[in-house]
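These protein sequence lines map, in sequence, to chains B and S.
So the first sequence is numbered by the numbering used here: it starts at 10 and just counts up by one.
So the second sequence is numbered by the numbering used here: it starts at 10 and just counts up by one.
Just so it is clear, CB atoms sit at the ideal spot from N, CA and C, and this is done for glycine as well.
Taking it in order: structure first as structure tokens, then the write-up.
2 protein chains.
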Amino acid sequence: MNRTAFDPTLYLVTDADACGDRGVAATVRDAVAGGVTAVQLRDQRATTRAMCRAALELLEVLAGTGVALLVDDRLDVAMAVGADGVHLGQSDLPVVAAREIAGRGLVVGWSVTNLAEAAAAAALAPGTVDYLGVGPVFATATKADAAPPLGLDGLRAVCAVSTVPCVAIGGITAARRAQVFAAGASGIAVVSAICAARDPRAAAEALRGRAAGQAVAEGQPAR
Amino acid sequence: MNRTAFDPTLYLVTDADACGDRGVAATVRDAVAGGVTAVQLRDQRATTRAMCRAALELLEVLAGTGVALLVDDRLDVAMAVGADGVHLGQSDLPVVAAREIAGRGLVVGWSVTNLAEAAAAAALAPGTVDYLGVGPVFATATKADAAPPLGLDGLRAVCAVSTVPCVAIGGITAARRAQVFAAGASGIAVVSAICAARDPRAAAEALRGRAAGQAVAEGQPAR
């Protein structure tokens, strides 16, 4: 299978609730038009079959865009639908086992929430994980069970020890974009900032730093 | 990996709630001592990591017993822990995709709840599924979203069209055992009948038809 390369610059994590009546597929389509470079399908309540259907729908939306699709938690779903990768949390499959099953062809991402987990990731055999999801960097209401925020200093420390690209997640806004990249992140991941936006395309453009004349200009202090 | 052959004669599906304080591992150990021939780990609420841990614990309990361990729904977990197989429902991974990922080494079981699903299973390429879970045969309180009971006639019809062994599930008791096998089942699967039993070993013995002098003797009409 011909897999799409993973570009972490602006990584959209889907949330069906936040996407609302617009739906996940339409949100993703618009967000990609606005500059999203990677998409993670995340739905912790769907049945496996429903998740397969949703993933296949997104693969169709993403066909020809060069945007990779990853699946949260479910390596089996990722492999069954031919997605480009899987994103694993600390409560998901052990990444070593996942890499063994997936082989070299799939992107494997791993969430780290603190420096100790980042050090554990750095100690893995090269090629076990392809990137780290690092967060929450800022406080976020999206994930009820999120760890304490790392802050920009915490993010910087994690990026410094990591042997793979780091994607910052948690409370990232267009206004915080520059600070996050300055701390060493290779990309930013968002959920609500795009899924709950009235205009996902404009939201993505702003998060890419492309929206000249935005009320909140890039590089300004957060908030 | 050396996998254990799947013997469907008495197939225990675990339920952590029903096992209660005794725990799943102790229940399985006792049930195997009583004659359980296959075990399916089922936990639709656990995190992936917790499911891996539970599966590894059961693999330890089952080591050397010749009893196969299957994992409900989660092919990724089954592969990650080196279980013997996976059991898929109609809302889980498509079985063709699962077989492709799993290769020949894993047992793949599939739930069918009616004759149409059984016919679809029979139309699959040989080797796609290794057995069918057929049910509910009788009404059961264990599965809230269960389909309407097939009854013994429905079970007989499914067994007649199936190209693989059929394991009957749903309201199976020691008293109903003989009827179910007479209808063409190669095995019986139970959840509460063992997990919620005060003595899982004795319950398993009765379900194997080994407990002479039981109040409810084998072959008697149900209820």
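Inset, instruction - Take P158/S and list the residues in its own chain whose beta-carbon comes closer than 6 Å to its own, dropping the five residues that flank it on each side. - result: Residue numbering aside, residue 158/S sits at position 149 when the second sequence is read from its first letter. Excluding sequence neighbours, P158/S sits near P145, F147 and A148.
Legend entry - Top-ranked residue by Cα proximity to R210/B, from P17/B, A14/B and L21/B: Here residue 210/B is taken as the residue at index 201 of the first sequence, counted from 1. Checked all of P17/B, A14/B and L21/B; the closest Cα to R210/B is L21/B.
Legend entry - Residue-level contact to chain B via CB, T137/S, 8 Å cutoff: Taking the first residue of the second sequence as position 1, residue 137/S is located at position 128. So, not an interface residue.
Inset, instruction - Would you mind working out which of L67/S, R108/S and A77/S sits nearest L84/S, comparing C-alpha positions? - result: In the second sequence, counting from the first residue as 1, residue 84/S sits at position 75. Answer by Cα proximity: R108/S.
Inset, instruction - Output the boundary residues of the alpha helix (DSSP H) element that contains V138/B. - result: Taking the first sequence and counting its residues from 1, one reaches residue 138/B at position 129. No alpha helix (DSSP H) contains V138/B, which DSSP labels as neither H nor E.
Legend entry - Inter-residue spacing [alpha-carbon to alpha-carbon] between L19/S and G196/S: Position 10 of the second sequence, counted from the first residue, corresponds to residue 19/S. Position 187 of the second sequence, counted from the first residue, corresponds to residue 196/S. L19/S and G196/S: Cα-Cα distance of roughly 6 Å.
Legend entry - CB contact below 8 Å: T122/S versus chain B: In the second sequence, counting from the first residue as 1, residue 122/S sits at position 113. Judged by the 8 Å Cβ criterion, T122/S is not in contact with chain B.
Inset, instruction - Please state if the CB of F15/S and the CB of V116/S are separated by a distance shorter than 8 Å. - result: Working through the second sequence from its first residue, we reach residue 116/S at position 107. Working through the second sequence from its first residue, we reach residue 15/S at position 6. Taking 8 Å as the Cβ cut-off, V116/S and F15/S qualify as a contacting pair.
Inset, instruction - With 9 Å as the C-beta to C-beta threshold (strictly closer), list the residues of the region 47-69 of chain B near chain S in chain order. - result: T56, T57, R58, A59 and C61
Legend entry - Interface flag, R108/S vs chain B, CB-CB below 8 Å: The residue labelled residue 108/S in the question sits at position 99 within the second sequence. No, R108/S lies away from the interface with chain B (no Cβ there is under 8 Å from its Cβ).
Legend entry - Chain-order list of residues whose beta-carbon lies under 8 Å from that of A127/S (same chain, five-residue window excluded): Residue mapping note: residue 127/S aligns to position 118 of the second sequence, counting from 1. Result list for A127/S: V121, L141, V143, A166, V167, V170 and S171, in chain order.
Legend entry - Inter-residue CB distance, A177/S and V189/S (contact presumed, cutoff 8 Å): Within the second sequence, the letter at position 168 stands for residue 177/S. Within the second sequence, the letter at position 180 stands for residue 189/S. Correct: roughly 5 Å between the Cβ atoms.
Inset, instruction - Might you give, ordered along the chain, the residues of its own chain that have their beta carbon closer than 7 Å to the beta carbon of A25/S, omitting 5 neighbours on each side? - result: Stepping through the second sequence from its first residue, residue 25/S is reached at position 16. Contacts found: V33 and D52.
Legend entry - A64/B beta carbon less than 8 Å from that of A92/B: On the first sequence, residue 92/B is found 83 positions in, with the first residue counted as 1. On the first sequence, residue 64/B is found 55 positions in, with the first residue counted as 1. Yes.
Inset, instruction - Return no unless some Cβ of chain S is closer than 8 Å to the Cβ of A92/B. - result: The residue labelled residue 92/B in the question sits at position 83 within the first sequence. Taking Cβ atoms only, chain S never reaches closer than 8 Å to A92/B, which makes this a no.
Inset, instruction - Kindly indicate if chain B contains any beta-carbon less than 8 Å away from that of L102/S. - result: One-based indexing of the second sequence puts residue 102/S at position 93. It does: the Cβ of L102/S has a partner Cβ on chain B nearer than 8 Å.
Legend entry - Close-in-space but distant-in-sequence residues of the same chain around A27/S (CB under 7 Å, 5 per side omitted): Position 18 of the second sequence, counted from the first residue, corresponds to residue 27/S. Around A27/S: V200, S201, C204 and A205.
Legend entry - Beta-ladder partner(s) of G142/S, from DSSP: Stepping through the second sequence from its first residue, residue 142/S is reached at position 133. Note: G142/S sits in a beta bridge opposite S120/S and V176/S.
Legend entry - A226/B in three-state terms, based on DSSP: Against the first sequence, residue 226/B aligns to sequence position 217. Model confidence at A226/B stands at a pLDDT of 43, short of 50, so the residue's coordinates are unreliable and nothing is read from them.
Legend entry - Through-space distance from V48/S to A77/B, alpha-carbon basis: Position 68 of the first sequence, counted from the start, is the residue given in the question as residue 77/B. Position 39 of the second sequence, counted from the start, is the residue given in the question as residue 48/S. Roughly 38 Å separates the two Cα atoms.
Inset, instruction - Please say whether G44/S and L79/S have beta carbons closer to each other than 8 Å? - result: Taking the second sequence and counting its residues from 1, one reaches residue 79/S at position 70. Taking the second sequence and counting its residues from 1, one reaches residue 44/S at position 35. Cβ distance not < 8 Å, so L79/S and G44/S don't count as in contact.
Inset, instruction - Please work out which residues of its chain come closer than 7 Å, Cβ to Cβ, to G29/S, disregarding the five sequence neighbours upstream and downstream, and give them in chain order. - result: Within the second sequence, residue 29/S is the residue found at index 20, counting from 1. Once the five neighbours on either side are set aside, G29/S has no close Cβ partner at all.
Inset, instruction - Output the distance between the C-alpha atoms of R54/B and T23/B, rounded to the nearest integer angstrom. - result: Locating residue 54/B in the first sequence gives position 45, counting from the first residue. Locating residue 23/B in the first sequence gives position 14, counting from the first residue. Distance between the alpha carbons of R54/B and T23/B is about 13 Å.
Inset, instruction - Would you kindly work out how many angstroms separate the C-alpha atoms of G218/B and T182/B, rounded to a whole number? - result: Here residue 218/B refers to the residue found at position 209 of the first sequence. Here residue 182/B refers to the residue found at position 173 of the first sequence. About 10 Å.
Legend entry - Beta-carbon proximity list for V213/S, same chain, < 7 Å, skipping 5 on both sides: Counting from one through the second sequence, the residue named residue 213/S turns up at place 204. Strictly speaking, residue 213/S in this sequence is Ala, with Val absent from that position. Excluding sequence neighbours, A213/S sits near L19, A40, G43, G44, V45 and I203.
Inset, instruction - Show which residues of chain S have a CB atom less than 8 Å away from the CB atom of D16/B. - result: Taking the first sequence and counting its residues from 1, one reaches residue 16/B at position 7. Correct list: empty, because the minimum Cβ distance to chain S is about 25 Å.
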